[in-house]
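A.B. asks:
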Amino acid sequence: MTGLNELYQEVILHHNKSPRNFGALESATHRALGHNPLCGDQLTVFLRLENDEVTDVRFHGKGCAISTASASVMTDAIKGKSKDEIKKMFKDFHNLVTGEPRDAEADLGKLEVFSGVSEFPARVKCASLCWHTLQAAIDGIEETSTE
Ligand code: ZN
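Everything in the sequence shown is counted per this note's numbering, starting at 105 for the first residue and increasing by one.
#1: Would you say the beta carbon of Gly-184 is closer than 7 Å to some non-hydrogen atom of the ligand ZN?
#2: Out of Glu-114, Pro-205, Ile-182, Gly-213, point me to the one whose CA is closest to Ser-222's CA.
#3: Answer with yes or no whether the minimum CB distance from Cys-230 to chain C is below 8 Å.
#4: Exposed or buried, which one is Lys-191 when buried takes at least 16 other CB atoms within 10 Å?
#5: Go to Asp-145, then tell me how far its beta strand (DSSP E) extends in each direction, as first and last residue.
#6: I need the straight-line Cα distance from Phe-150 to Ala-208, nearest angstrom please.
#7: Short of 7 Å in beta carbon distance, which residues of its chain neighbour Cys-168, apart from the five on each side in sequence? Order them along the chain.
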């Protein structure tokens with residue numbers, strides 16, 4: 105259980121207790137609602153895209169500690185990034201949480217804390233829900249599910 109303990113102690117508890125960028129974004133140009141029926145996680149991602157760049161992002165919803173913490177860390181990580189950069193980060197993040205081999209160049213920064221999730225396949229969808237929802241928002245899809 106080391107991986108998950110570490111995960112909880114260092115980041116999840118902190119981000120779950122006081123999530124970053126939490127709430128609605130009035131000036132959002134894109135938004136999507138995502139569900140993870142396996143766990144009951146539900147969140148909305150609000151995004152402001154200007155000239156292909158994320159200038160602001162927020163999320164709200166309710167879910168388990170992993171889904172909330174993942175959305176909190178993600179919203180910080182994607183500010184100022186382009187759509188292409190985000191697509192690449194999502195791919196690298198997905199490889200991280202599923203334990204797939206990673207691109208040697210990938211620099212995930214704070215997202216690395218979710219590497220412990222790869223030991224718990226049932227939680228992969230909790231950690232990646234916010235990314236699926238973000239991608240749906242970018243693609244103009246209003247509602248998405250991890251199923
Ligand atoms: Zn969950």
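C-beta: ideal position from N, C-alpha, C; glycine also.
C.D. replies: Short version:
#1: Not a single heavy atom of the ligand ZN lies less than 7 Å from the C-beta of Gly-184.
#2: Taking the Cα of Ser-222 as reference, the smallest distance to any Cα among Glu-114, Pro-205, Ile-182, Gly-213 is reached at Pro-205.
#3: In summary, chain C is missing from the structure at hand, where a single protein chain is found.
#4: The residue in question, Lys-191, is exposed, as its Cβ has fewer than 16 Cβ neighbours within 10 Å.
#5: For Asp-145, the enclosing beta strand (DSSP E) starts and ends at 145-154.
#6: Spanning the alpha carbons of Phe-150 and Ala-208 requires a straight line of approximately 31 Å.
#7: Excluding residues within five positions, the ones whose Cβ falls inside 7 Å are Cys-143, Asp-145, Cys-230.
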